[in-house]
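Residue numbers (full-length UniProt numbering): 1 to 131. Built from N, CA and C at the ideal position, the CB exists for glycine as well. First the structure, in the form of C-alpha coordinates, and then the observations on it.
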(Lines of atoms letter the chains of each structure in order from A; the text may use other names.)
(Lines give C-alpha, C1' and ligand atoms only; values in the text may rest on other atoms or scores of the structure.)
Protein backbone atom coordinates (compact mmCIF):
# COMPACT_ATOMS: atom_id res chain seq x y z
CA UNK A 1 0.00 0.00 0.00
CA UNK A 2 1.17 3.53 -0.77
CA UNK A 3 0.88 5.61 2.42
CA UNK A 4 1.36 9.33 3.11
CA UNK A 5 2.88 10.36 6.46
CA UNK A 6 1.51 13.60 7.91
CA UNK A 7 3.40 15.97 10.20
CA UNK A 8 1.38 15.03 13.30
CA UNK A 9 2.61 11.46 13.07
CA UNK A 10 6.26 12.46 12.75
CA UNK A 11 5.97 15.10 15.46
CA UNK A 12 4.75 12.58 18.03
CA UNK A 13 7.90 10.57 17.42
CA UNK A 14 10.24 13.57 17.43
CA UNK A 15 8.72 15.22 20.51
CA UNK A 16 8.60 11.96 22.50
CA UNK A 17 5.04 12.69 23.60
CA UNK A 18 4.14 10.69 26.74
CA UNK A 19 1.39 8.15 26.26
CA UNK A 20 1.48 8.11 22.48
CA UNK A 21 5.08 7.93 21.24
CA UNK A 22 5.36 4.19 21.91
CA UNK A 23 2.16 3.53 19.91
CA UNK A 24 3.33 5.76 17.08
CA UNK A 25 6.76 4.09 16.98
CA UNK A 26 5.09 0.67 16.81
CA UNK A 27 2.88 1.86 13.96
CA UNK A 28 5.92 3.31 12.14
CA UNK A 29 7.72 -0.01 12.52
CA UNK A 30 4.69 -1.83 11.10
CA UNK A 31 4.44 0.62 8.20
CA UNK A 32 8.06 0.18 7.08
CA UNK A 33 6.97 -2.80 4.97
CA UNK A 34 4.75 -0.44 2.92
CA UNK A 35 5.62 2.28 0.40
CA UNK A 36 5.89 5.46 2.49
CA UNK A 37 5.62 9.00 1.17
CA UNK A 38 5.39 12.57 2.39
CA UNK A 39 5.88 16.00 0.85
CA UNK A 40 8.21 18.92 1.49
CA UNK A 41 5.44 20.86 3.23
CA UNK A 42 5.24 18.13 5.91
CA UNK A 43 8.98 18.48 6.51
CA UNK A 44 8.53 22.24 6.87
CA UNK A 45 5.65 21.71 9.33
CA UNK A 46 7.69 19.27 11.41
CA UNK A 47 10.58 21.72 11.80
CA UNK A 48 8.30 24.70 12.46
CA UNK A 49 5.88 23.05 14.91
CA UNK A 50 8.70 21.26 16.74
CA UNK A 51 10.33 24.61 17.43
CA UNK A 52 7.16 26.59 18.13
CA UNK A 53 5.17 24.07 20.19
CA UNK A 54 7.79 21.74 21.65
CA UNK A 55 10.82 24.08 21.74
CA UNK A 56 12.91 21.58 19.83
CA UNK A 57 15.82 23.33 18.09
CA UNK A 58 15.72 23.15 14.28
CA UNK A 59 19.05 21.29 14.28
CA UNK A 60 17.45 18.36 16.13
CA UNK A 61 14.40 18.33 13.85
CA UNK A 62 16.63 18.34 10.78
CA UNK A 63 18.73 15.51 12.22
CA UNK A 64 15.53 13.55 12.95
CA UNK A 65 14.29 14.04 9.38
CA UNK A 66 17.67 13.17 7.86
CA UNK A 67 18.14 10.00 9.93
CA UNK A 68 14.63 8.76 10.72
CA UNK A 69 12.49 9.89 7.79
CA UNK A 70 14.48 10.33 4.57
CA UNK A 71 16.02 6.84 4.49
CA UNK A 72 12.53 5.24 4.56
CA UNK A 73 10.13 7.80 3.09
CA UNK A 74 10.03 9.23 -0.43
CA UNK A 75 9.45 13.01 -0.48
CA UNK A 76 7.02 14.00 -3.24
CA UNK A 77 7.01 17.33 -5.03
CA UNK A 78 4.33 19.98 -4.79
CA UNK A 79 3.79 21.88 -8.03
CA UNK A 80 1.11 23.61 -10.05
CA UNK A 81 -0.93 20.38 -10.46
CA UNK A 82 -1.10 20.05 -6.68
CA UNK A 83 -2.06 23.71 -6.26
CA UNK A 84 -4.89 23.39 -8.80
CA UNK A 85 -6.23 20.27 -7.10
CA UNK A 86 -5.79 21.83 -3.62
CA UNK A 87 -7.75 24.89 -4.72
CA UNK A 88 -10.72 22.66 -5.54
CA UNK A 89 -10.34 20.71 -2.28
CA UNK A 90 -10.37 23.93 -0.23
CA UNK A 91 -13.61 25.02 -1.88
CA UNK A 92 -15.31 21.61 -1.78
CA UNK A 93 -14.28 20.36 1.68
CA UNK A 94 -13.41 23.62 3.47
CA UNK A 95 -9.92 22.25 4.16
CA UNK A 96 -7.09 24.46 5.34
CA UNK A 97 -4.55 25.11 2.56
CA UNK A 98 -1.77 22.86 3.85
CA UNK A 99 -4.10 19.87 4.35
CA UNK A 100 -5.58 20.51 0.91
CA UNK A 101 -2.09 20.41 -0.60
CA UNK A 102 -1.37 17.13 1.21
CA UNK A 103 -4.62 15.63 -0.10
CA UNK A 104 -3.79 16.87 -3.60
CA UNK A 105 -0.41 15.12 -3.38
CA UNK A 106 -2.14 11.93 -2.19
CA UNK A 107 -4.62 12.02 -5.07
CA UNK A 108 -2.20 13.10 -7.80
CA UNK A 109 0.39 10.45 -6.89
CA UNK A 110 -2.16 7.66 -6.43
CA UNK A 111 -1.60 7.04 -2.73
CA UNK A 112 -4.19 5.01 -0.80
CA UNK A 113 -3.93 6.22 2.80
CA UNK A 114 -2.69 8.92 5.15
CA UNK A 115 -1.25 8.44 8.63
CA UNK A 116 -2.53 11.39 10.65
CA UNK A 117 -4.43 12.25 13.80
CA UNK A 118 -6.34 14.90 11.82
CA UNK A 119 -9.97 13.76 11.71
CA UNK A 120 -10.71 16.21 8.88
CA UNK A 121 -9.35 13.52 6.57
CA UNK A 122 -12.32 11.33 7.52
CA UNK A 123 -14.46 13.66 5.37
CA UNK A 124 -12.61 12.89 2.14
CA UNK A 125 -12.16 9.76 0.03
CA UNK A 126 -8.84 8.62 1.51
CA UNK A 127 -8.22 6.00 4.19
CA UNK A 128 -7.00 7.55 7.46
CA UNK A 129 -4.70 5.47 9.67
CA UNK A 130 -4.07 6.36 13.30
CA UNK A 131 -3.05 4.63 16.54
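Handout entry: Which residues DSSP lists as bridging residue 35, in chain order
Key = In DSSP, residue 35 forms a bridge with 2.
Exercise for the section: Count the other C-beta atoms from every protein chain shown that fall within 10 angstroms of the C-beta of residue 114, then say buried if there are 16 or more, exposed otherwise. Expected result: With 16 or more neighbouring CB atoms inside 10 Å of its own CB, residue 114 falls in the buried class.
Problem - Residues that DSSP places opposite residue 76 in a beta bridge - result: Residue pairing by DSSP places residue 76 opposite 39 in a beta bridge.
Handout entry: Option in 20, 43, 93 and 49 with minimal Cα separation from residue 78
Key = Residue 43 is the option with its Cα nearest to residue 78.
Exercise for the section: Have a look at the DSSP bridge pairing and note the partners of residue 127. Expected result: Answer by DSSP bridge pairing, in chain order: 113.
Handout entry: Beta carbon of residue 134 nearer than 7 Å to that of residue 4
Key = The requested residue 134 is not part of the displayed model; the chain covers only 1 to 131.
Problem - Which of helix, strand or coil DSSP assigns to residue 17 - result: Correct three-state label for residue 17: coil.
Exercise for the section: Give the single residue among 14, 109, 108 and 30 whose Cα lies nearest to the Cα of residue 51. Expected result: Minimum Cα-Cα distance from residue 51 among the listed residues 14, 109, 108 and 30 corresponds to 14.
Problem - residue 108 - DSSP class collapsed to helix/strand/coil - result: Looking at residue 108 - three-state DSSP - the assignment turns out to be helix.
Handout entry: Counted within 10 angstroms of its Cβ, other Cβ atoms place residue 82 as buried (16 or more) or exposed
Key = Sixteen is the threshold: when 16 or more other Cβ atoms of the shown chains lie within 10 Å of the Cβ of residue 82, as they do, the residue is buried.
Handout entry: CB of residue 10 within 7 Å of CB of residue 46, strictly
Key = In this structure, residue 10 sits near residue 46, with a CB-CB distance shorter than 7 Å.
Problem - Cβ-Cβ separation, residue 38 to residue 73 (assumed contact under 8 Å), whole Å - result: Going by Cβ atoms, the distance from residue 73 to residue 38 rounds to 5 Å, so yes, they are a contact pair.
Practice task
Tell me whether residue 95 sits in a helix, a strand or coil according to DSSP, three-state version.
Solution key: Here residue 95 sits in coil by DSSP.
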